[in-house]
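In this note's numbering, the protein residues as written are 4 to 328. Glycine is no exception: its CB is placed at the ideal position from the N, C-alpha and C atoms. Before any comments, here is the structure.
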C-alpha cells in the first residue's frame with residue numbers, strides 16, 4: 004500500500020507519499036480500506052517531531068479515517084467485511100489501509116457520505132469527552148469555545164446547541180464568525196479586535212461561561228479563569244498558546260472553579276472505547292437527525308498532504324480538511 008511517511012521531522016515538505024508494507028489486523032482488530040482521512044493539529048506536531056505516536060500505534064500520521072472493512076482479525080464479532088465505518092485512530096490514517104481495534108470503530112451515520120464521515124471521529128470524541136463527560140455542560144448553561152471555526156469548534160457549537168446550551172465563540176475574522184453564527188453560536192467575539200473577557204462579561208450580564216473549551220493553553224489561562232462563571236469548568240485541549248502559564252488559585256477558588264486538561268491519542272484502548280461508545284449513543288442519533296454534521300472545508304489528495312498541512316498552518320480554513328487516497 005501507500006502511506007504518508009515522515010523520514011525526517013520538518014515542515015510540510017517532510018511528508019512523503021511512499022510504498023510501505025501492507026498491515027494485517029491483529030486480535031480484536033479489523034482492516035479498513037481508507038476512503039478518506041482528516042488533518043488535525045496533532046498531525047502537524049507529529050510532522051515536526053514534537054508528538055510521537057503512542058506505543059504500538061502506526062508510525063504514519065492520521066488520527067481518524069473512514070472506509071470499508073476489508074479483513075477481520077481473530078476475536079472480532081459484530082463487524083463484517085464490507086461494512087462502512089469511520090474510526091478513531093492512534094495513528095495511520097494517512098494511508099490506503101489501516102488496522103483498527105473494534106472498540107474505536109463507528110458505523111457511518113445515516114445520511115452521511117463515506118468520505119465526509121472521515122471528519123467525524125476525532126472531533127466528536129474530543130468534544131463529547133471534554134464538554135460533556137468531563138465538564139458536564141447542561142441545558143441553559145453557557146459554553147465558550149475558543150477557535151469556533153475549527154473542526155472541533157464547529158462541532159462543539161452544534162452539539163451544545165442541540166442540548167440546549169448558549170454558545171459563545173472566538174474566531175479571527177468576520178467570515179469565520181459568520182459561519183459560527185450560521186451553526187448556532189449566540190455570542191461572536193473577534194479575538195483580533197475584541198477582548199473576549201469583556202465581551203463575554205457584557206453578553207452574560209457579568210456571569211461568565213459555565214464551561215470553556217480551550218485550545219490555546221498558557222496564553223489564555225489567566226483570562227479563561229477570569230471568564231469562568233461561579234462553579235465554572237475550564238477544559239484545556241491544546242497548547243497553541245504555550246505550555247506554561249501562571250494559575251491564580253485565589254481567583255479559581257473565588258469561582259469554585261475546576262481546570263482539567265486532557266488528550267485523546269494517548270489514552271488506553273479501554274478509555275477510547277468508552278468514549279467511542281458514548282459518542283455512538285449520544286451523538287450519532289443527532290447526526291442521523293441532521294441536527295449535527297461535520298463541516299468540511301476542503302478535500303485534498305492524500306499524496307498532497309503537505310498542501311493540506313500548509314492550509315492548516317495558515318488557519319484560513321473553516322471546519323475539517325479531508326485527505327483522499
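Roughly how many whole angstroms lie between the Cα atoms of residue 210 and residue 231?
-> 8 Å
The beta strand (DSSP E) with residue 98 in it runs from where to where?
-> No beta strand (DSSP E) holds residue 98; DSSP gives it neither H nor E.
Opening and closing residue of the alpha helix (DSSP H) in which residue 239 lies = Here residue 239 belongs to no alpha helix (DSSP H); instead the beta strand (DSSP E) covers 231-239.
In chain order, what residues of the same chain lie with their CB nearer than 6 Å to the CB of residue 127, ignoring the 5 residues before and after it?
-> These residues qualify, in order along the chain: 282, 286.
What do you reckon, are the CB atoms on residue 41 and residue 144 nearer than 8 Å?
-> Not closer than 8 Å, so no.
Continuous beta strand (DSSP E) stretch holding residue 70: start and end = 67-75
Answer yes or no: do residue 18 and residue 312 have a C-beta to C-beta separation smaller than 8 Å?
-> Cβ distance < 8 Å, so residue 18 and residue 312 count as in contact.
Please name the residue in 300, 96, 88 whose C-alpha comes closest to that of residue 62.
-> Selected option, being the one with the closest Cα: 96.
Measure how close the beta-carbons of residue 337 and residue 323 come, nearest whole angstrom, since I'm counting them as under 8 Å.
-> Missing from the structure shown is residue 337; the chain here goes from 4 to 328 and no further.
Range of the contiguous alpha helix (DSSP H) that encloses residue 256 | 252-258
Measuring alpha carbon to alpha carbon, tell me which of 269, 138, 59, 183 ends up nearest residue 237.
-> 138
Go through the segment 253-312 residue by residue and report every complete run of the beta strand (DSSP E) that reaches 3 residues or more, in order.
-> For secondary structure counted as the beta strand (DSSP E) over 3 or more consecutive residues, the segment 253-312 holds these complete runs in sequence order: 261-264, 299-304.
Under the three-state DSSP convention, the category residue 220 falls into | helix
If you check the beta carbons only, do residue 32 and residue 85 fall under 8 Å apart?
-> no
Are residue 134 and residue 163 closer than 8 Å when you measure CB to CB?
-> yes
Starting from the C-beta of residue 48, find all residues in its chain whose C-beta is less than 8 Å away, skip the five residues before and the five after it, and write them out in chain order.
-> 54
Are there 16 or more other CB atoms within 10 angstroms of the CB of residue 292, so buried, or fewer, so exposed?
-> exposed
The segment 153-160 in contact with the segment 186-206 per 3-pair CB rule at 8 Å = yes
For residue 1, the first and last residue of its enclosing beta strand (DSSP E) | In the structure as shown, the chain starts at 4 and stops at 328, and residue 1 therefore has no counterpart that could be examined.
Span of the alpha helix (DSSP H), counted from its first residue to its last, around residue 87 | Looking at the DSSP string, residue 87 is not in any alpha helix (DSSP H); the run it does join, the beta strand (DSSP E), is 87-91.
Pull up the DSSP beta-bridge partners for residue 5, would you.
-> 22
Pair within 8 Å by beta-carbon distance, residue 156 and residue 148 = yes
Residue 176 to residue 169, Cα distance in whole Å?
-> Our two residues, residue 176 and residue 169, have alpha carbons roughly 21 Å apart in a direct line.
Go ahead and pull the three-state DSSP assignment for residue 327.
-> strand
Spatial neighbours of residue 83 within its chain, please: CB distance less than 8 Å, with the 5 preceding and 5 following residues excluded, ordered by chain position.
-> 72, 75
Taking only the alpha-carbon atoms, compute the straight-line gap between residue 141 and residue 202 and give it to the nearest angstrom.
-> 22 Å
Does the separation of the CB atoms of residue 34 and residue 24 fall below 8 Å?
-> no
State buried or exposed for residue 224, treating a residue as buried only when at least 16 other CB atoms are found within 10 Å of its CB.
-> A buried status is given to residue 224, since no fewer than 16 other beta-carbon atoms sit within 10 Å of its beta-carbon.
Own chain partners of residue 240 with C-beta closer than 8 Å, once the 5 adjacent residues on each side are dropped = 129, 133, 155, 216, 217, 218, 264, 265, 266
Residue 38 lies in the beta strand (DSSP E); which residues open and close that run?
-> Residue 38 -> beta strand (DSSP E) spans 32-41.
Taking residue 302 as the reference, which of 64, 295, 320 has the closest Cα?
-> 320
Can you say whether residue 258 is buried or exposed, counting buried as having 16 or more other CB atoms within 10 angstroms of its CB?
-> buried
Hey, quick one: how far does the alpha helix (DSSP H) through residue 321 stretch, first residue to last?
-> Where residue 321 is concerned, there is no enclosing alpha helix (DSSP H), given that its DSSP letter is neither H nor E.
Cα-Cα separation, residue 37 to residue 233 = 46 Å
What first and last residue would you give for the alpha helix (DSSP H) that runs through residue 126?
-> Start and end: 124-130.
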